[in-house]
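Asks: Here it is: the structure, laid out below.
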Amino acid sequence: MARFAELEKISSWRRIATAMWPEALSPQILGFDDMDFTNLHEVLEELREESGENVSVTHFAVKSIGTIMAENPELNALVIRGKVRRRTTVDVFVQVAIKGTGDAGGADLSGVKVRDVDKKTIVEVAAALNGRALKVRKGKDAEIEKTKRMLDLVPGFVLGGMMKVLDRAMFDLGINTTAIGVKPDPFGCAMVSNCASFGVHAGFAPLVPMSRTPIILLIGRTDPKPVVHEDEIKIRPVCRSTGTFDHRVLDGYQIGLICSEFKRYMENPRLIAGYK
5 MARFAELEKI SSWRRIATAM WPEALSPQIL GFDDMDFTNL HEVLEELREE SGENVSVTHF
65 AVKSIGTIMA ENPELNALVI RGKVRRRTTV DVFVQVAIKG TGDAGGADLS GVKVRDVDKK
125 TIVEVAAALN GRALKVRKGK DAEIEKTKRM LDLVPGFVLG GMMKVLDRAM FDLGINTTAI
185 GVKPDPFGCA MVSNCASFGV HAGFAPLVPM SRTPIILLIG RTDPKPVVHE DEIKIRPVCR
245 STGTFDHRVL DGYQIGLICS EFKRYMENPR LIAGYK
């Protein structure tokens, strides 16, 4: 099966936007919403007890955005040679923070791509992420370490140009760059990062041009807050999530659909397909 396929229909806005913005440098739409995690916390406890896997909010976020992309394949898109194309797989990239030795300057950021998220259950997503993330933090993930070694050999003044060449080779020319340690489409259709572990209430992440990933979701800290529930004010666990979207690929209606569905799944986790 081909990795990318032609879109059957392309709106006028998407055609104009790809012509106006050849790179994902400025067409960023930012947004945020608050989510009540009462139901999610209950389900997390159930799944941890039943499976023995450390299922987290991040895993539900990955499964939620993956489910949305599977249900709306026309939104699972990217820009190639100035035209919007559709990804044929639902893969989600998750940021992994790596604590460095010594001062904070030694910290690093890496990540793991979960393939075929739409075909995995929540527990399977958690298992895939937890195992890889542990290897990444310990520096034992062969794939990522190979890529890091390759990048370490490149002088700083050459790195920017080399990354642009890799970007063009992978996406515009369809060249397989696996041999040099860079897998095709390494970031997938969306990126998810959880900044709650840093004590951050909310934050916005920029689009990464060479990733060709049009959606970045950040999960912030969960705090007890007053919420109107069944006409009563109650204190419930509330999390603020933020999103950054590529306006060349997604218009306002489509972004609104993604955000509303993401909130619905995160607040009602039993609705997610594949939940056991």
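With our numbering, the residue at position 49 of the sequence shown is 53, and numbering never jumps.
C-beta atoms are modelled at their ideal positions from N, C-alpha and C, and glycine is treated no differently.
Using beta-carbon positions only, say whether residue 64 and residue 247 come within less than 9 Å of one another.
Replies: No. Outside cutoff.
Asks: What are the uninterrupted segments assigned as beta strand (DSSP E) that are 3 or more residues long and contained completely in the region 158-240, given in chain order?
Replies: Entirely contained in the region 158-240, the beta strand (DSSP E) runs reaching 3 residues are, in chain order, 194-198 and 219-233.
Asks: Within 10 angstroms of the Cβ of residue 218, are there 16 or more other Cβ atoms? Answer buried if so, exposed if not.
Replies: It is buried - the Cβ of residue 218 has at least 16 other Cβ atoms within 10 Å.
Asks: Checking the sheet assignment: what are the DSSP bridge partners for residue 8?
Replies: Beta-bridge pairing links residue 8 to 91.
Asks: For the alpha helix (DSSP H) containing residue 135, list its first residue and its last residue.
Replies: That run of the alpha helix (DSSP H) goes 126-142.
Asks: Less than 6 Å between C-beta atoms, sequence neighbours within five positions excluded: which residues of the same chain meet that for residue 3?
Replies: No answer is possible for residue 3: it lies beyond the span of the chain, which begins at 5 and ends at 280.
Asks: Which residues mark the beginning and the end of the alpha helix (DSSP H) in which residue 61 is found?
Replies: Taken as a continuous stretch (DSSP letters only), the alpha helix (DSSP H) holding residue 61 covers 61-75.
Asks: CB residue 170 to CB residue 181, shorter than 9 Å?
Replies: In contact: residue 170 and residue 181 (Cβ atoms closer than 9 Å).
Asks: What does DSSP give as the partner residue(s) for residue 81 in the beta ladder?
Replies: According to DSSP, which records beta bridges pairwise, residue 81 is partnered with 90.
Asks: Tell me, which residues are paired with residue 243 by DSSP?
Replies: According to DSSP, which records beta bridges pairwise, residue 243 is partnered with 39 and 226.
Asks: Taking residue 115 and residue 100 to be in contact with their CB atoms under 8 Å, please state how far apart those CB atoms are, rounded to whole angstroms.
Replies: Right, their Cβ atoms sit about 5 Å apart.
Asks: Using the Cβ count rule (16 or more neighbours within 10 Å means buried), how would you classify residue 244?
Replies: The residue in question, residue 244, is buried, as its Cβ has 16 or more Cβ neighbours within 10 Å.
Asks: Would you give the residue range spanned by the alpha helix (DSSP H) that residue 267 belongs to?
Replies: Counting along the chain, the alpha helix (DSSP H) containing residue 267 begins and ends at 256-271.
Asks: Is there a Cβ from chain D that is less than 9 Å from the Cβ of residue 89?
Replies: Among the chains of the structure shown, chain D does not appear; only one protein chain is present.
Asks: What is the rounded straight-line gap between the Cα of residue 58 and the Cα of residue 238?
Replies: Going from the Cα of residue 58 to the Cα of residue 238 covers about 28 Å.
Asks: Hey, how far is the Cα of residue 29 from the Cα of residue 215?
Replies: Rounded to the nearest angstrom, the two C-alpha atoms are 12 Å apart.
Asks: For residue 16, does the count of other Cβ atoms within 10 angstroms reach 16, so buried, or fall short, so exposed?
Replies: Exposed.
Asks: Rounded to the nearest angstrom, what separates residue 109 and residue 138 at their Cα positions?
Replies: In this prediction, residue 109 scores a pLDDT of 46, lower than 50, which makes its location untrustworthy; the coordinate-derived value is nonetheless stated afterwards. Distance between the alpha carbons of residue 109 and residue 138 is about 21 Å.
Asks: Can you tell which of 53, 191 and 209 has the C-alpha that lies nearest to the C-alpha of residue 199?
Replies: Nearest C-alpha to residue 199: 209.
Asks: In the DSSP assignment, what residue or residues form a beta bridge with residue 14?
Replies: Paired residue(s): none; residue 14 is not in a bridge.
Asks: Excluding the 5 residues preceding and the 5 following residue 242 in the sequence, name in chain order all residues of the same chain whose CB lies nearer than 8 Å to its CB.
Replies: Cβ neighbours of residue 242 beyond the five flanking positions: 38, 39, 40, 41, 226, 227, 228, 229 and 231.
Asks: If you count every other CB in all the chains shown that lies within 10 Å of the CB of residue 156, and 16 or more means buried, which is it?
Replies: Counting Cβ neighbours within 10 Å, residue 156 comes out exposed, since fewer than 16 surround it.
Asks: CB residue 11 to CB residue 96, shorter than 9 Å?
Replies: Against a cut-off of 9 Å, the Cβ pair of residue 96 and residue 11 comes out as no contact.
Asks: Among 177, 253, 75 and 263, which residue has its Cα nearest to the Cα of residue 83?
Replies: With distances taken between Cα atoms, residue 83 lies closest to 253.
Asks: With a CB to CB cut of under 6 Å and the five nearest residues on each side skipped, what residues in its chain are close to residue 131?
Replies: The answer, listed in chain order, is 57.
Asks: Would you report the Cα separation of residue 267 and residue 273, rounded to the nearest angstrom?
Replies: Straight-line Cα distance between these residues: approximately 10 Å.
Asks: Going by Cα to Cα distance, which pick from 154, 117 and 206 is closest to residue 136?
Replies: That would be 117, whose Cα lies nearest to the Cα of residue 136.
Asks: Measure the C-alpha to C-alpha separation of residue 8 and residue 91 and round it to an integer number of angstroms.
Replies: Straight-line Cα distance between these residues: approximately 5 Å.
Asks: What residues in its chain sit with their C-beta under 7 Å from that of residue 149, if we drop five residues either side in the sequence?
Replies: 143, listed in sequence order.
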